[in-house]
Each structure stands twice: as structure tokens, then as C-alpha cells.
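> Below are the C-alpha cells for one structure; questions will follow.
2 protein chains.
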Amino acid sequence: MQLSTHPPAPRHSLALSAMVKPTREAHMPTIKDVAAHAGVSASTVHYALNGKRSISPEVRQRVLDAVQALNYSASAVAQRLREHRSYSLGLIAPELPASDAAMMEILTATAATASAADHTLGIYLNQAPDQILGLLRAQHVDGVILIETAHHDPRIEALRHAPHPFVLIGQTGDMTGLTTVDFDFEQAFYLAFDHLARLGHRHLGFIVPHGATDDDQPQRKENWYATLRGYRRARQEHDLHVELEPAVLNIEDGHRAALRLTARAPRVTGIVASGHTQVGVLRALYSQGRRVPDDCSVVGVTTAQIAEWTIPRLTSVDLPLREMSVTASELLLRKVGGEAVTEQVLFPAYLIDRESTAPPRTAQPEST
Amino acid sequence: MQLSTHPPAPRHSLALSAMVKPTREAHMPTIKDVAAHAGVSASTVHYALNGKRSISPEVRQRVLDAVQALNYSASAVAQRLREHRSYSLGLIAPELPASDAAMMEILTATAATASAADHTLGIYLNQAPDQILGLLRAQHVDGVILIETAHHDPRIEALRHAPHPFVLIGQTGDMTGLTTVDFDFEQAFYLAFDHLARLGHRHLGFIVPHGATDDDQPQRKENWYATLRGYRRARQEHDLHVELEPAVLNIEDGHRAALRLTARAPRVTGIVASGHTQVGVLRALYSQGRRVPDDCSVVGVTTAQIAEWTIPRLTSVDLPLREMSVTASELLLRKVGGEAVTEQVLFPAYLIDRESTAPPRTAQPEST
DNA sequence: CTGTTAGCGCTTTCAG
DNA sequence: CTGAAAGCGCTAACAG
Chain A
1 MQLSTHPPAP
11 RHSLALSAMV
21 KPTREAHMPT
31 IKDVAAHAGV
41 SASTVHYALN
51 GKRSISPEVR
61 QRVLDAVQAL
71 NYSASAVAQR
81 LREHRSYSLG
91 LIAPELPASD
101 AAMMEILTAT
111 AATASAADHT
121 LGIYLNQAPD
131 QILGLLRAQH
141 VDGVILIETA
151 HHDPRIEALR
161 HAPHPFVLIG
171 QTGDMTGLTT
181 VDFDFEQAFY
191 LAFDHLARLG
201 HRHLGFIVPH
211 GATDDDQPQR
221 KENWYATLRG
231 YRRARQEHDL
241 HVELEPAVLN
251 IEDGHRAALR
261 LTARAPRVTG
271 IVASGHTQVG
281 VLRALYSQGR
291 RVPDDCSVVG
301 VTTAQIAEWT
311 IPRLTSVDLP
321 LREMSVTASE
331 LLLRKVGGEA
341 VTEQVLFPAY
351 LIDRESTAPP
361 RTAQPEST
Chain B
1 MQLSTHPPAP
11 RHSLALSAMV
21 KPTREAHMPT
31 IKDVAAHAGV
41 SASTVHYALN
51 GKRSISPEVR
61 QRVLDAVQAL
71 NYSASAVAQR
81 LREHRSYSLG
91 LIAPELPASD
101 AAMMEILTAT
111 AATASAADHT
121 LGIYLNQAPD
131 QILGLLRAQH
141 VDGVILIETA
151 HHDPRIEALR
161 HAPHPFVLIG
171 QTGDMTGLTT
181 VDFDFEQAFY
191 LAFDHLARLG
201 HRHLGFIVPH
211 GATDDDQPQR
221 KENWYATLRG
231 YRRARQEHDL
241 HVELEPAVLN
251 IEDGHRAALR
261 LTARAPRVTG
271 IVASGHTQVG
281 VLRALYSQGR
291 RVPDDCSVVG
301 VTTAQIAEWT
311 IPRLTSVDLP
321 LREMSVTASE
331 LLLRKVGGEA
341 VTEQVLFPAY
351 LIDRESTAPP
361 RTAQPEST
């Protein structure tokens, strides 16, 4: 699976790889070792360390000294066995995340939230539904967060009737009984088109997720439905002419789609694009010598991070991925804690006006 | 810690959060349950499931059926207790990774490698040295990979004399006895300057990591030394005039640094930049109306992914982060497996000629 | 070919 | 205030 960016990488190895005998670990000190060292019983050590019953200050000090001396730390594994919990959460992600920046926001926010609640975050890429179930059943993790969910998602169907806690970032076809955190994509796309319409644009282009308009697409993302609803609502309300151009949501395909779009529909004065496609759109316009926003406006639906990177900075409906991830993690933590949570949280959309939109040219010359 | 991208996010919650009594988990089936169901002993179940001794086909089938019926999966926690291993690795990263794209490459490659060896990857952000030791001592993880290492790195010093396996992606001041995987930054920066020199450039700009030239900087990254060596070697060899401009390695600071540089040294016809700063450099040149590479060449030292994104695509020395991460994970897996590995791997640098470099307007190429 | 048993390190009754 | 002992679920050594 390891992709190569280079010729076969003849790594220069200053190899000292001493192939010594498999060292059997000098084993870690246990609670018994501490007890022996302090001249008390194991349970006394235990209670001294987490004060669930009173200990004479003198004994307590001896225990603490022994802990210090032996560098003792209670084995998390043994604790977990006893408590029937692994104190870890799983983040289930596709092997190739749609966007690095988005994935990183989700990841760091989730890891920080889990960590603050003394849980470990494990990441699992590209797991089949029964592998996910296996993770849960073997108590590798107490619960999972699923991202990039589809309308018909076999992972969700596998989990739906199992007794394990999980939460979705995203939505799916049948939401009954699920705990989900999502973003109001309908409003997001409505706002994107609405913004351009209010600036006076009438002929727009829309880089639409590939497969979104294809009813037979089984794998399609649930949010694509909302995407289309938002776009249609704005189109109708403002009487817009919109040219659709499908693209996989990455830079390269956004680039190609924008080239097709501008070739086919030269009257377009504004483009709406999401994911990472905006970067491709901007590149296409640049290569044609069209300035943004003077010759063409662009609106994105993407993370603030991406929007701030581009030249010019992108007017966009920013995805609040950190907040969504924190919320999802907190919900999951409550569920693994035994609480019966069934909450469906929807984060609202706001448009952030940056540098990539302007009113269309008043007179549209035929030639450039 | 949760950063806000939006106004206070009044999330619309279709709340059904039934605050029911903390449900005590209907406990998972154990090996005993399976044994009872199949009418055999626990050890028979165990051996039937991992064939370490022969079982009559008839009994074996009964066991398999029972497993099926009860949906049994051996508890990873109990196994781990017995084997004194957690079968998980930790990736220790700074809270704010220097680059999303780079971090994602490291992360996905590491997770995939760990996963292929039946290990879990836990990610730990922003851990203090003794927290890392705690992780290891409590057997949350069997070993760790450290990234973004510094010349004087307290994390490394803490681990150096502890008995726990770890590997570095990067280097540090005292490398004796450590297992490390790194990239030849000296050669990388040499090649970047060398490339521009051979194209005929004489006046160059260098967006240098902030703190790299400051001898008192305690936190400085080890690779900055190599960076400076490579740059100096090229400067001397080709008799270059180089203007240094320090920047934190992100887009915004790269942008500011490039503006300062071009204001101060208008004769510069080529710029070398690393991390994410190139994106800022390109933005600065764009805003000044200078075309790349016609008016100014730019060379990066960055991941292929970033280099392919920019407009124009960036000539760069690409960091082979996937391969480095796979190598680091494999070394760590060998170490946690008990092997006495002390290997220091250095990946070589190659320049990839994309679209952002050309000979300067005035001069002709150097003859070498 | 199969069953019994001890024990991993910790927590928590139950006794004193 | 402290100790002894049982048991979480699994594995492997030790009987048959």
C-alpha cells in the first residue's frame, strides 16, 4: 500500500542493526512489588494511591516513597480487564481521506477531547464493517466515530443492531435511533448561491460532487442530497442559470471540471465549488488569465484553513469541523460511559466574505 | 483548547437525549460461555480457535458453531494482560503540526503499517516528557514514534535512559544509541540552490526557518543545522548572493517573509522555501504581479502533495514521508518485538523539476 | 485428543 | 485503619 513518491529509495542506512537475542523485557514493577517495598499489602498500596479509604499518613508516605523508588505506574491493561473497558475510542476513516486539512481538524479535535477525558484515540483506516465490529467486540475500543458516511453505508448497518456505542459525523439514509453530528449543507449551498445572486450574478457554474445527481450511485454521500436541495432552492428563488459540472472532490478533478465548465459556458461569472475543488478552479481560471474576483467570482464550501490559503483568499461557507468533532467525541464519551444518548446535532452554516467574490462586470464584452 | 472558527455556534440540536439510568453493559460473551454452549472446556475452545494443538473435527465444528451463535471474539484486553503487551504503538506529535499534509502522510502510513502487523496506532498530541513515560509505563503503548524532534529535546532525554522502545523521525543532538529515520536535508537544500544556480540565477532569497540561524534557540529543530550546511555549501560552490529571511514554517509567515524579502532585495530572481512557506511566497509574488517562473523562480523542500497543488506546480525536493514513516514503524515493531535494533536510516534527496523554475531573464546558464 | 489449574496485575468485597 | 482473597478473560503448563 505504500505509495512511492521517488525512485526506489536506496536508503543510506548507517546500519548498526545488532541482531541480538530477543531480549525478554525486564518486567515492570507491579503493585505487589510496591507493597513489598513499603512493607504493606497490595490493597493498601491501591487505596493509598487513589484515596478511596483512609490511610494513616505514615503508611501513605511509605507507599509513595516506594512508588517513587520503583517508578511504579498501575498497569492500564489490568485495570481495563477488571473494568471491562478499554478506555479508548476509535476513529474510523476511509483510507484516503477526501481532504487532509479537514481530516487533520477532525483528528486533532477528537484526539484532544478523548485525551482530556483520559481516553486514547486509535485511528483505523479503511476497515470493513465486520472488522469494525471485531474492534468493538474484542474491546480494542469502547466506541467509534464514523466519518464520511454514505446514504447506504454498510458500516452503519452493521453497527445499527449491535450493542456498541458509535456516533456519526455526517448523516445517512435512515437516521432513526442514531447519534449524529452534522453540518447544515443545504443552508451552506443555499448561502453560497444566494451570495453570488445578491452580488448580481445570473450565470453560475457549480462544481458538483461526482455522483451526486446520479440516482443509482450507491456509495453516495448523504450530504449530497442536502447539497442539491440548497442549490435548487437558491436557483429557484433568484431565477439563476446554473451549469453543473461533476467532479471528484479533489484538486485535480476540480481543475479539469473548471476547464470543461469555462469552455462550455463562457457566460458564467461565478462558480461554487466544495471540498478541495476550489483550488483546482482557481488554478484553471489563473491559467486562462482570468482574474478572481474581477473576471469571475468563486465561492467555496470548505474549511477555513483551505479558504485562507488560496490566492485570493476564498469567500466560503466554512465547515466548523473542530466543533463538530468535539461534540461528536463528547457524545461518544457519554455513550461509552453508559448514558443512553440519542442526539442529532446540526451545526448551522455561515458565509465568510473573503476576497474571491465581487459583482459581475456591468457590461460583459464578448471577447476578453 | 477548542478553537472557534465561527461565532459561538448555537447548534440546533434535535435533542432526544434520553437521560436514562447508566445502562450496565449486557456483558460480552467470554470463552467460558462458548465452552458451555459447545459442551467443552475453555482450553478446548481456545485451541480450536488457534490450532496450537489438534482437535477432533467434530468438536472443532461444535466450537465454531458456538462462536458463531454467541458472536464471540476473544477479549483483546485479557490477552494483553497475559502477554504483558498492549499491541499498540503511539505516535507522539506536537499539538499543532507544522503541516497538515505532511502530518497526514506520516499518520496514514504509520497507521497502515501498524495495522498490518496487528497493532493499534494511538495518537498523542502535545504530551510532556513524563506523560510519554507514563503512557509507556502504564502499557498504554508498547513503544512510540517521535516526530518533529529538536536539537535539545526533553522528550528524547526522558526516553533515552528508560527501557522503552522508541524511534525518531528526525534527528537530535546526541544520536548515540538511538534508532532514527531521517531525510537528507543538507543535500535537499544543496540541490535546491544548486538547481537555481545552474539555471543561471545569482541573486537568491532563502526563506529560512525562524530560529535556525540563532545559536541560542534551544528548541531548534535538528534538521535546521543540515539545512544551513546544505545552503552554505551551494552558496560557496556557486558564488551566490543569498538574502536570508526568517519565517515560521507556515503560509502566513512565508507570505510576510516574502514581502519583506522582495522589498529589501529587488534583484533576487529565485527563492528557496520549505514547509508550507512556498504557498505564502507564491501568494506574495502573485500580489505583486510577478509571474512565476518568468519573473522569479521558486524552489521548495516539501511534500509532493503540496508541490502538486500550487499554481504553478512547484519545483521541489520532495520529502518521502510515507516511506520514512513505514520504515520508522517497522523498526519500532521490531523493537517492541524484542529485537535489539539500533539503526539510523537516512533517506536521500532528489529534486523534482516541475513548473516554478526557469532561467532568469538577464543572464545565461552557468557552464558546469 | 481433552480437561484442570494457575496466574497475568489490578480492584473490591469481606474480615479483622 | 489494614490485610486476605476472589475474580475479571485468557493462555499454557501440566495432567490424563
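Those sequence lines, one after another, are chains A and B.
According to full-length UniProt numbering, the first sequence holds residues 1 to 368 in order.
According to full-length UniProt numbering, the second sequence holds residues 1 to 368 in order.
Yeah, the Cβ is synthetic: ideal placement off N, Cα and C, and Gly gets one too.
Name the chain A residues that come within less than 7 Å of Ser-75(B), Cβ to Cβ?
For the purposes of this step, residue 75(B) is taken as residue 75 along the second sequence, with counting starting at 1. The contacting residues are Ala-138 and Gln-139.
> For residue 395(B), name the three-state secondary structure that DSSP assigns.
Lying before the first or after the last residue shown, residue 395(B) is absent from chain B, which here runs from 1 to 368.
> Could you tell me whether the Cβ atoms of Glu-308(B) and Thr-113(B) are closer together than 8 Å?
On the second sequence, residue 308(B) is found 308 positions in, with the first residue counted as 1. On the second sequence, residue 113(B) is found 113 positions in, with the first residue counted as 1. Not in contact: Glu-308(B) and Thr-113(B) (Cβ atoms no closer than 8 Å).
> Shorter than 8 Å from the beta carbon of Arg-233(A) to some beta carbon of chain B?
Reading the first sequence from its first residue, position 233 is the one you call residue 233(A). No - not a single Cβ of chain B is within 8 Å of the one on Arg-233(A).
> Excluding sequence positions up to five away, which residues of its chain have a Cβ less than 8 Å from the Cβ of Leu-261(A)?
Taking the first sequence and counting its residues from 1, the one referred to as residue 261(A) is at position 261. Gly-205, Ile-207, Glu-243, Glu-245, Val-268 and Ile-271.
> Within its chain, find whatever has a CB closer than 7 Å to the CB of Met-324(B); leave out the 5 residues flanking it on each side and keep chain order.
What you label residue 324(B) is simply residue 324 of the second sequence in a count that begins at 1. Result list for Met-324(B): Ile-169, Val-181, Phe-183 and Phe-347, in chain order.
> Are the C-beta of Arg-283(A) and some C-beta of chain B separated by less than 8 Å?
Your numbering for residue 283(A) matches position 283 in the first sequence. Chain B contact via Cβ: present.
> Near Arg-354(B), what residues of its chain come up, given a Cβ to Cβ distance below 6 Å and the 5 sequence neighbours on each side ignored?
Against the second sequence, residue 354(B) aligns to sequence position 354. These residues qualify, in order along the chain: Arg-313, Leu-314 and Thr-315.
> Considering only residues of the same chain and omitting the five flanking positions on each side of Val-326(B), which have a CB-CB separation below 7 Å?
Residue numbering aside, residue 326(B) sits at position 326 when the second sequence is read from its first letter. Correct list, in chain order: Ala-109 and Thr-113.
> Would you call the region 71 to 79 of chain A and the region 26 to 36 of chain A touching, i.e. three or more CB-CB distances under 8 Å?
A contact exists between the region 71 to 79 of chain A and the region 26 to 36 of chain A.
> Per DSSP, what kind of secondary structure is Pro-22(B) in: helix, strand or coil?
Translated into the one-based positions of the second sequence, residue 22(B) becomes position 22. In this predicted model, Pro-22(B) has a pLDDT of only 36, less than 50, meaning its place in the structure is not dependable; the value taken from the coordinates is given anyway. The answer is coil: DSSP assigns Pro-22(B) none of H, G, I, E or B.
> Just to confirm, is the Cβ distance from Val-298(A) to Leu-282(A) under 8 Å?
Walking along the first sequence from the start, residue 298(A) turns up at place 298. Walking along the first sequence from the start, residue 282(A) turns up at place 282. Cβ atoms of Val-298(A) and Leu-282(A): closer than 8 Å.
> Note down, in chain order, all residues in the region 265 to 289 of chain B with a beta-carbon under 8 Å from any beta-carbon belonging to chain A.
Listed by position, the residues of the region 265 to 289 of chain B near chain A (Cβ gap below 8 Å) are Val-279, Leu-282, Arg-283, Tyr-286 and Ser-287.
> What is the rounded straight-line gap between the Cα of Arg-60(A) and the Cα of Leu-136(B)?
Looking up residue 60(A) in the first sequence gives position 60. Looking up residue 136(B) in the second sequence gives position 136. Rounded to whole angstroms, Arg-60(A) to Leu-136(B) spans 25 Å at the Cα level.
> In whole angstroms, give me the CA-to-CA distance for Ala-349(A) and Ile-132(A).
Numbered from 1 along the first sequence, position 349 holds the residue referred to as residue 349(A). Numbered from 1 along the first sequence, position 132 holds the residue referred to as residue 132(A). One C-alpha to the other measures close to 32 Å.
> Quick one: Cα of Ile-55(B) to Cα of Gly-134(A), how far?
Within the second sequence, numbered from 1, the residue matching residue 55(B) stands at position 55. Within the first sequence, numbered from 1, the residue matching residue 134(A) stands at position 134. Their Cα atoms are separated by approximately 25 Å.
> Taking the alpha carbon of Glu-343(A) as the point to measure from, which residue in Gly-177(A), Arg-290(A), Glu-252(A) and Tyr-225(A) has its own alpha carbon closest?
One-based indexing of the first sequence puts residue 343(A) at position 343. Comparing Cα positions, the closest option is Gly-177(A).
> My assumption, with CB atoms under 8 Å, is that Ile-145(B) sits in contact with Leu-91(B). Please give the rounded CB distance.
Numbered from its first residue, the second sequence carries residue 145(B) at position 145. Numbered from its first residue, the second sequence carries residue 91(B) at position 91. Indeed, because the Cβ distance is near 5 Å, the residues count as touching under 8 Å.
> Please check the pair Leu-125(B) and Leu-89(B), which I expect to be a contact at CB under 8 Å, by giving their CB distance rounded to whole angstroms.
The count along the second sequence starts at 1 and reaches residue 125(B) at position 125. The count along the second sequence starts at 1 and reaches residue 89(B) at position 89. 15 Å between Cβ atoms; not a contact.
> Is it the case that the CB of Lys-52(A) approaches a heavy atom of the ligand PLP more closely than 7 Å?
With respect to the ligand PLP, the structure shown offers nothing to examine, as it has no ligands at all.
> CA-CA distance, Val-279(B) and Glu-148(A)?
Within the second sequence, numbered from 1, the residue matching residue 279(B) stands at position 279. Within the first sequence, numbered from 1, the residue matching residue 148(A) stands at position 148. About 28 Å.
> Closer than 8 Å by beta-carbon distance: list the chain A residues that pair up with Thr-172(B), in chain order.
Here residue 172(B) is taken as the residue at index 172 of the second sequence, counted from 1. Within 8 Å Cβ-Cβ: nothing; Thr-172(B) doesn't reach chain A, min ~15 Å.
> Pull up the distance between the alpha-carbon of Ala-234(A) and that of Arg-232(B), whole angstroms please.
Start at 1 with the first residue of the first sequence, and residue 234(A) comes out as number 234. Start at 1 with the first residue of the second sequence, and residue 232(B) comes out as number 232. So the two alpha carbons sit approximately 58 Å from each other.
> Tell me whether Ile-306(A) sits in a helix, a strand or coil according to DSSP, three-state version.
One-based indexing of the first sequence puts residue 306(A) at position 306. The answer is helix: DSSP assigns Ile-306(A) an H, G or I state.
> Would you call Thr-213(B) buried or exposed, if buried means 16 or more other Cβ atoms sit within 10 Å of its Cβ?
Residue mapping note: residue 213(B) aligns to position 213 of the second sequence, counting from 1. With fewer than 16 Cβ atoms within 10 Å of its Cβ, Thr-213(B) is classed as exposed.
> Indicate whether Tyr-87(B) and His-46(B) have their beta-carbon atoms separated by less than 8 Å.
In the second sequence, counting from the first residue as 1, residue 87(B) sits at position 87. In the second sequence, counting from the first residue as 1, residue 46(B) sits at position 46. Going by C-beta atoms, Tyr-87(B) is not nearer than 8 Å to His-46(B).
> At which residues does the alpha helix (DSSP H) containing Asp-100(A) begin and terminate?
Within the first sequence, residue 100(A) is the residue found at index 100, counting from 1. Unbroken alpha helix (DSSP H) run through Asp-100(A): 100 to 116.
> Short of 7 Å in beta carbon distance, which residues of its chain neighbour Thr-310(A), apart from the five on each side in sequence? Order them along the chain.
For the purposes of this step, residue 310(A) is taken as the residue at position 310 of the first sequence. Cβ within range, chain order: Gln-278, Val-279 and Leu-282.
> Quick check on the DSSP output: what are the complete beta strand (DSSP E) runs of length 3 or more inside the region 268 to 303 of chain B, in order along the chain?
Runs of the beta strand (DSSP E) inside the region 268 to 303 of chain B: 270 to 274 and 297 to 302.
> Using the beta-carbon count (16 or more within 10 Å), is Asp-194(B) buried or exposed?
Reading the second sequence from its first residue, position 194 is the one you call residue 194(B). Buried is the call here.
> Give me, in chain order, the residues of the same chain whose beta-carbon lies closer than 6 Å to that of Pro-7(A); leave out the 5 immediate sequence neighbours on both sides.
In the first sequence, counting from the first residue as 1, residue 7(A) sits at position 7. Unreliable positioning characterises Pro-7(A) in this predicted model, as indicated by a pLDDT of 38, which lies under 50. A coordinate reading is not provided.
> Just the Cα atoms here: how many angstroms apart are Arg-264(B) and Ala-257(B)?
Counted from its first residue, the second sequence places residue 264(B) at position 264. Counted from its first residue, the second sequence places residue 257(B) at position 257. Looking at the two C-alpha atoms, the distance is approximately 10 Å.
> Please compile the residues from chain B whose C-beta is within a distance smaller than 7 Å of the C-beta of Asp-100(A).
Taking the first sequence and counting its residues from 1, one reaches residue 100(A) at position 100. The contacting residues are Asp-100, Ala-101 and Met-104.
> In chain A, which residues lie with their C-beta within 8 Å of the C-beta of Ser-115(B)?
Position 115 of the second sequence holds residue 115(B). Neighbours of Ser-115(B) on chain A, chain order: Tyr-124 and Leu-125.
> In chain A, which residues lie with their C-beta within 8 Å of the C-beta of Gly-200(B)?
Your numbering for residue 200(B) matches position 200 in the second sequence. Result: empty, since nearest Cβ-Cβ is about 26 Å, beyond 8 Å.
> Take Ser-115(A) as the anchor and find which of Ala-116(B), His-140(B), Glu-105(B) and Asp-100(B) has the nearest alpha-carbon.
In the first sequence, the residue the question calls residue 115(A) occupies position 115. Measuring from the Cα of Ser-115(A), the nearest candidate turns out to be His-140(B).
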